[in-house]
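Going by the UniProt record's numbering, the first residue of the sequence shown is number 1, and it counts up by one from there. All C-beta atoms, glycine included, are put in the ideal place defined by N, C-alpha and C. Notes to accompany the following structure.
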Amino acid sequence: MIVPQTMTEMWATMGSTIASFMFISAIIHQYCPYEVRLYFGKYTQRIMSFFYPYIKISIHEYAGDRLKRSEAYAAVEAYLSINSSKCAKRLKAEMAKDCSNLVLSMDEYERVKDEFQGIQVWWVSSKVMPPLQSMYPQQERRYYRLTFHKRYRGVISEVYLKHVMQQGKEIRVRNRQRKLYTNGSGNKWQIYKQTMWNHIVFEHPATFDTLAMEPAKKQEIIEDLVTFSESKDFYARIGKAWKRGYLLYGPPGTGKSTMIAAMANLLNYDVYDLELTAVKDNSELRTLLIETTSKSIIVIEDIDCSLELTGQRNKKEEKSPDEDKEKSEKETGKEHHKEETSSKVTLSGLLNFIDGIWSASGGERLIVFTTNYVEKLDPALVRRGRMDKHIELSYCSFEAFKVLSRNYLRLEAHPLFDKIESLMKETKITPADVAESLMPKSPLDDAEKCLSHLIQALEEAEEATEKADKDASRQNAQAATKAAEGRAKEDAAQPQENSH
Ligand SMILES: Nc1ncnc2c1ncn2[C@@H]1O[C@H](COP(=O)(O)OP(=O)(O)OP(=O)(O)O)[C@@H](O)[C@H]1O
Ligand SMILES: [Mg+2]
């Protein structure tokens, strides 16, 4: 055997070996039967990989599960959409699913170079055509192939691929169209649906900038939310599911629903608006929860209207008809009480929903309850750990009014502000009523006109409060007089009884 003396000789020997090997494989491929070709092909791969210093990793669009697009493929696609749009020469533009903008990605058979910690890697997008003789129409199978030198196997497989997945997921979250999910009452087609949730595109314009609230309180809430969204490692370290409960309470029209929209817009989360009264039982509640995805807010509005949860259902029968009437008047505009009787979700079912093991699947979720009557809620439901943060949304303060005037009228200051400030100290008015007053009622209405509408509303509210106070004190006085009269009658009856 001739042993090569120099590098040049070594390369020449290797080259001629590969050439003769390829020549033999071509002959076998041409003339030999299928079994021999298969056997030879297996060894060809092994011999080639011995000389070939590169490693290839393929990521297929439909790996394993043929119905569901692979998460890894989607992440690589997103990662390369940023990278390849800078350096690839052939790109394809597609309308993103549920989205109005075009998304660029590498065209088929295009190759781009990427660099990571000084290591060069190459990505190629490719596809496998379906067999022609197949009985059923089949789609082409697309995949990405990553190539890198075998000396970087460790870094690429342990660090680079993780980096690609993480970046790709982040890009997808940034680009995605957020959704508002609702659980309607089940219909007969429900069984054919893949999910129990219906969804529409979430496009609420509310932000924390437009939310009327004291700046310090607002800032505290923003910081709390941002800290939560960045605390994945912290929650993992302390062994707690990555979720946080918020209880928003306050009178109607103080911005509870608006704040939920602002939260979703701040964190870029989906919203699951859970209509508890439409949920048949605890197991349906669990199914709904399992179907929620990460980076979402699960909202249960007006939780006090679910009688079973407040323990009111049993008491209901004991109440007088007058009390019932008063209650239904209070809840005008909220339709839940009509359907309550059909829902069998129990308090313990809801508590399991909040802190049971199912709630940990998926991670990164906010659970938000809203109520007008915080005092009615069962203490078990609102204790810290379940509802971690209690936020009171109350009547409009002067600071909150300034936010609304900035948004609605583009006004930072005005001579009428002083009057508004002093009226606001004495009167309770909701931000919803302030917002309504600041809306121009005709095209001719200027800022001053809108402010005078507000002053008028404040004065009317003040009069109404005074009248209500007077009525209340008159009623109290009447009740006191009646009680005194009753006592006097009893006292008068006492000696007669004794005289018998
Ligand atoms: N704090 C606020 N900042 C800005 N706008 C507000 C605020 N509060 C209320 N509004 C305005 O009033 C309207 C009603 O508010 P929202 O629906 O958020 O009240 P709510 O507290 O959820 O009431 P309810 O208890 O009846 O559900 C909103 O569309 C919004 O325009
Ligand atoms: Mg609301």
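Rounded distance between the beta-carbons of residue j and residue i, thought under 8 Å
{"i": "L276", "j": "I298", "result": "The Cβ separation is near 11 Å, so there is no contact."}
{"i": "Y181", "j": "Y272", "result": "5 Å"}
{"i": "M196", "j": "L393", "result": "Not really, about 30 Å apart at Cβ, beyond 8 Å."}
{"i": "I119", "j": "V155", "result": "6 Å"}
{"i": "F398", "j": "V434", "result": "Incorrect: roughly 10 Å between the Cβ atoms, too far for contact."}
{"i": "I420", "j": "L454", "result": "6 Å"}
{"i": "W123", "j": "L80", "result": "6 Å"}
Where residue i falls, given that 16 or more other Cβ within 10 Å makes a residue buried
{"i": "C396", "result": "buried"}
{"i": "E110", "result": "buried"}
{"i": "S283", "result": "exposed"}
{"i": "L404", "result": "buried"}
{"i": "C87", "result": "exposed"}
{"i": "N372", "result": "buried"}
{"i": "F369", "result": "buried"}
{"i": "R178", "result": "buried"}
{"i": "D302", "result": "buried"}
{"i": "T128", "result": "Note on identity: in this sequence residue 128 is Val, with Thr being the wrong assignment. V128 should be labelled exposed."}
{"i": "M387", "result": "buried"}
{"i": "G253", "result": "buried"}
{"i": "L451", "result": "buried"}
{"i": "A78", "result": "buried"}
{"i": "F353", "result": "buried"}
{"i": "S328", "result": "Bear in mind that a pLDDT of 45 at S328, under 50, signals an unreliable position, so the number given afterwards is only what the model happens to contain. Per the 10 Å Cβ criterion, exposed."}
{"i": "residue 501", "result": "Limits of the chain in this structure are 1 at one end and 500 at the other, which puts residue 501 out of reach."}
{"i": "C305", "result": "buried"}
{"i": "P205", "result": "exposed"}
{"i": "A212", "result": "buried"}
{"i": "A236", "result": "exposed"}
{"i": "K243", "result": "buried"}
{"i": "E485", "result": "exposed"}
Heavy atom of ligand 2 within 7 Å of residue i beta-carbon
{"i": "T370", "result": "yes"}
{"i": "E275", "result": "no"}
{"i": "K256", "result": "yes"}
{"i": "E301", "result": "yes"}
N-terminal and C-terminal residue of the alpha helix (DSSP H) that residue i is part of
{"i": "V279", "result": "Run containing V279: none; DSSP gives neither H nor E here."}
{"i": "K419", "result": "417 to 426"}
{"i": "D114", "result": "Here D114 belongs to no alpha helix (DSSP H); instead the beta strand (DSSP E) covers 111 to 116."}
{"i": "residue 512", "result": "The displayed coordinates of the chain run from 1 to 500. Any statement about residue 512 would go beyond what the structure contains."}
{"i": "T258", "result": "256 to 267"}
{"i": "G349", "result": "347 to 355"}
{"i": "D433", "result": "431 to 438"}
{"i": "V382", "result": "379 to 382"}
{"i": "D233", "result": "232 to 238"}
Any non-hydrogen atom of ligand 1 closer than 7 Å to residue i Cβ
{"i": "L404", "result": "yes"}
{"i": "P215", "result": "no"}
{"i": "A472", "result": "no"}
{"i": "A212", "result": "yes"}
{"i": "P431", "result": "yes"}
{"i": "A264", "result": "no"}
{"i": "A468", "result": "no"}
{"i": "P379", "result": "no"}
{"i": "P440", "result": "no"}
{"i": "A435", "result": "yes"}
{"i": "P252", "result": "yes"}
{"i": "A492", "result": "no"}
{"i": "A457", "result": "no"}
{"i": "A400", "result": "yes"}
First through last residue of the beta strand (DSSP E) which encompasses residue i
{"i": "residue 504", "result": "In the structure displayed, the chain extends from 1 to 500; residue 504 sits before or after that span and is not available."}
{"i": "T227", "result": "From DSSP, T227 is part of no beta strand (DSSP E) but of the alpha helix (DSSP H) over 215 to 229."}
{"i": "S58", "result": "54 to 60"}
{"i": "S405", "result": "It is not in any beta strand (DSSP E) - S405 instead sits in the alpha helix (DSSP H) that spans 398 to 409."}
{"i": "D209", "result": "No beta strand (DSSP E) contains D209, which DSSP labels as neither H nor E."}
{"i": "K127", "result": "119 to 128"}
{"i": "S296", "result": "296 to 300"}
{"i": "K389", "result": "389 to 392"}
{"i": "V374", "result": "No beta strand (DSSP E) contains V374, which DSSP labels as neither H nor E."}
{"i": "L146", "result": "141 to 149"}
{"i": "K179", "result": "179 to 182"}
{"i": "G245", "result": "243 to 249"}
{"i": "D273", "result": "270 to 273"}
Distance cut-off 7 Å: residue i Cβ against heavy atoms of ligand 4
{"i": "L393", "result": "Of the ligands this structure carries, namely ligand 1 and ligand 2, none is ligand 4."}
Count the C-beta pairs between the stretch 222 to 230 and the stretch 256 to 267 that are closer than 8 Å, then say yes if the count reaches three, no if not.
Yes, the stretch 222 to 230 touches the stretch 256 to 267.
Kindly confirm or deny that the stretch 50 to 60 and the stretch 142 to 157 touch, where touching means at least three C-beta pairs closer than 8 Å.
Segments in contact, yes.
The stretch 362 to 374 / the stretch 229 to 248 touching (three or more Cβ pairs under 8 Å):
Yes, they touch.
Hey, is the stretch 441 to 455 in contact with the stretch 406 to 413, meaning 3+ C-beta pairs nearer than 8 Å?
They touch, by the three-pair rule.
Check whether the stretch 413 to 431 and the stretch 453 to 468 touch, using three or more Cβ-Cβ pairs below 8 Å as the test.
Flag = yes, the stretch 413 to 431 and the stretch 453 to 468 touch.
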